Structures are given as C-alpha cells and as structure tokens.
Amino acid sequence: MVNGGPKWGWYWGIWALMGVYMTTWDFVLYPASPLLRLLILNLLQNGAWGLLGLFLIWLANRKPIESFAWKEWPTWGLHLVVSVIVAAFGLFVAYCITILMESFGWSHVDMASIKRGMPMIMKGLPKFYRNYFHTNLLFMWAVVASFHGLRIYRKYKSREVEAARLEARFAEAQNLALRMQLQPHFLFNTLNSISALVHSNPEGADEMISRLGDFLRATLDAPHDQLVTLRKELAFIQDYLAIELVRYQDRLRVETQIPAELMECRLPSFILQPLVENALKHGLADRPQGVLLHLRARKEPEYLVLEVQDDGEGFVPGREGVGLANVRSRLGLLYKGRHHLDILGAPGRGTLVVLRLPLANEKGEA
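Residues in the sequence shown are numbered consecutively from 1, following the UniProt record's numbering.
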C-alpha cells in the first residue's frame, strides 16, 4: 500500500478537490439548492468513494498488474470486476447519503415517514445509476491506475538508483585498479634510481631505500578512498620528493604556493605524483643545471586549479607515458568530462600542467 503521510495527504486532497468541483457542477444544475448543503453532500460522497478506493489500493498491492502479457489477463480481469462492484456499491452509498441529506430538509423526520416514502426513494435509484455510474467507475479506475503508475515510477527510480550505484562501484573498482597500476610503475622507477646510486653513492642509496620504505608504508596504510584532501595528497608528494631529492640533490629545487584555505579541498588520491614524476623525468633529463619545480593551487568559481610547472627541457607532444595516460583515465572515470587537463610548453622552455577539478562537497561529491 502507498506509504508516507504526504502521499495520503495528496490522496485525500484530490478527493476533496473532486468534491468541490462536483459541488460547482451541481450548483449550476440546481441553483435553488443551498451551496453549503451541496458542498457537504459532495464532500461526504467523495469521502465515501475515497474509503472504497482504499480497498482497491489494498487489492492492487496484493495482486499488482505486472505487464500486458497474456498470463496477466486474469489479474486485469480481477481488477476490472472488482472496480465495477466497488463503483456500484459506492454509488449506492452516495445515493443513500443524498437521501439522508434531503431528509434533513423536511420539517418532521421520523422512520415512519421514511418507510412510507421508500418506494419513491428506490424508484429514483436506477436514474441515479444511469447518470453517475460511469463517472464513479472512472474514479475507481483512476485510483487503480494511479497506484500502478506510482508503483512503476518507484520501480523505475529504484532501478535507476541501483544502476547508478553499480556504475559508481564499477568506476571505483576501475579507479582502484588504475591506482594500483601506478604504484608498481613508481616503484620500478625508484628501484632503478637506487640501482644507479648503489656504487656511486652508497649512502645516498641507503637513504633512498629508507625513504622509499616510509613512502610505501604511508601509501599502503592509507585508505583506498577515491578522493582525499589536498593536505594528504601534498604529504604524499613531499614524501615522494624527499626520495627524489636524495637522487638529484642540488639539481632539484621545489617551490610550493598552496593557500592554507585550500588544504581541505578534495581531489583524486595519488593524482599529482605522476605529474610531478613527469616533470622530473622530462624536465631534468641530462640538464646539469637542474630544474626548478613549482607546485601551485588556487580556487576558481566551481573549480580547484592545480599547477605543476618546471623550467626544464619542455613538453614534447606525443610523449605521454603510462603515468599521464593513467591520470587521464582516472579523471574521466571520476568527473565524466567536467575536468580539464592542459599541458603547455615548448622544447627548452619548460612545461606547465594545469589541472582543473570540480570542487567537491563534504561528502566528496563533485
């Protein structure tokens, strides 16, 4: 049966409005009748039909019509027969209410007078049915149709919500798989760097292994949330840069411009590390003078803007590796095209990566 107070309010409200409408109809047909009496009469009649409509709703809830298939025709027939019976009974109740209301206009009312007038009263019943039965039957069909319409709408919304939930879970699984793909990629690159330092700088290699252990522990212990705060993401980047500083030493300088009020903004976890890694890999290359790395963040209307800039060798179109391709895939899964990732630069003039992400609310929803 229909649940919820507001929906019952709508149900009885519609019956009341029908009573008011039919009052205006009767007042046009019988202008000599008192308006208040007509209003009370129609409200009582429609209230009685509303009560009978509850039985139809109960039946529709127990025996709902699922489709137009042949196997459903017995259910269709059941509702048709029951609605005709309920409409006929409802009209009889309405007729009795009419007679009782008219009796209040007599100067002397007693059971004897009512009994004497019963043949005349019953004589008007067929005409009452001829005039109003089809209207009352339509009302009952409207009740059944409205119930099934609401039921179909709820099923549709339920399936829509379930489909959205499944899509979100699928996207989360894909996102997690892409993130797990990044970590081995980063690990292999770092191990190669350690291997290069083992003979030339054993102390540096030892420190790099120690920092790598701390970094991996932090990433493995962190929850696999799709979105994290900018503060947490920067902590990952700082741990990563601490490893790279052991490798590049004075050749790598880092400057950050991150306003404190943006630290709680949310962004995809582990999304900046591939951009920073690309800046070091392609920016430094074989440049003996090293590279200056800028990390910036600012807020635009509806967007969190993140910038990773280096003054190295510059971006070469078509030179996108696993890390950048992974970033694009993850952003596409999470933001469905509402984000912007721009890579600007020229050979010998450095590279600027600008990432615009829709601002997320407290629940992490963009």
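All residues carry an ideal CB built from backbone N, CA and C; glycine is no exception.
Fair warning: this is a prediction, and the values are worked out from it, not measured in the lab.
The beta-carbon distance between residue 190 and residue 243, rounded to whole angstroms, is 6 Å. This is short enough to meet the 8 Å contact definition. DSSP places residue 276 in the uninterrupted alpha helix (DSSP H) bounded by 273-284. Residue 312 is positioned such that its CB atom lies closer than 8 Å to that of residue 287. A direct Cα-to-Cα measurement between residue 327 and residue 293 gives close to 19 Å.
In the structure shown, residue 299 adopts extended strand secondary structure according to DSSP, grouped into three states. Going by DSSP, residue 343 is part of the beta strand (DSSP E) stretching over 340-345.
The beta carbon of residue 302 sits closer than 7 Å to the beta carbons of 358, 359 from its chain, once the five residues preceding and following it are set aside; these are given in chain order. When C-alpha distances from residue 138 are compared across 127, 239, 87, the shortest belongs to 87. Counted as a single uninterrupted DSSP element, the stretch harbouring residue 226 is not any alpha helix (DSSP H), since DSSP gives it neither H nor E. Here DSSP, grouped into helix, strand and coil, assigns residue 253 to strand. Fewer than three Cβ pairs drawn from the segment 260-273 and the segment 207-214 lie within less than 8 Å of each other, which leaves the two stretches out of contact. Setting aside the 5 residues that flank it on each side, residue 21 has no residue in the same chain whose C-beta is closer than 6 Å to its C-beta. Closest by C-alpha distance to residue 334, out of 306, 273, 268, 153, is 268. For a cut-off of 8 Å, the C-beta gap from residue 307 to residue 276 is around 11 Å, too long to register as a contact.
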